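Colleague:
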Amino acid sequence: MDGLFLRSIEENIPLEMIYLSEDRMLSQRKLIVKEVNNEYIRAYCLLRKQMRTFRRENILSILPGTSSKRQWLH
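Read left to right, the sequence shown gives residues 38 to 111 (my numbering).
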């Protein structure tokens, strides 16, 4: 996972993430990572069009972004 985060930071590559929010809601996001630490990642969310902070422990899946047009959960 850290390798994908670093690649997103260095090359400005979007990642696709499935995330479980604090209120137990699932969302699928496309984001560009800006900062990483042991507990959180800070990323520009392409769905919300703003910087967001995500708990690493709540990330269920993270993959390199694709150009396919999929329905997003939100």
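Positions of the beta carbon are idealized from the N, C-alpha and C atoms, including for glycine.
As the structure is a prediction and not an experimental result, all values here were calculated from the model.
#1: Count the other CB atoms within 10 Å of the CB of Ile58; is the residue buried (16 or more) or exposed (fewer)?
#2: Starting from Glu72, trace the beta strand (DSSP E) both ways and give me its first and last residue.
#3: Would you tell me roughly how many angstroms separate the C-alpha atoms of Leu41 and Asn95, rounded to the nearest one?
#4: With DSSP as the reference, identify every bridge partner of Arg92, one or two as the case may be.
#5: For Tyr53, which residues does DSSP report across the bridge?
Modeller: To lay it out plainly:
#1: Residue identity differs from the one stated: residue 58 is Ser in this sequence, not Ile. Result: exposed.
#2: Going by DSSP, Glu72 is part of the beta strand (DSSP E) stretching over 63–73.
#3: Rounded to the nearest whole angstrom, the C-alpha separation of Leu41 and Asn95 is 16 Å.
#4: As DSSP reads the structure, Arg92 sits in a beta bridge with Tyr77.
#5: As written in the sequence, residue 53 is Glu, which differs from the Tyr given in the question. Bridge pairing for Glu53: Lys67, Leu100 [DSSP].
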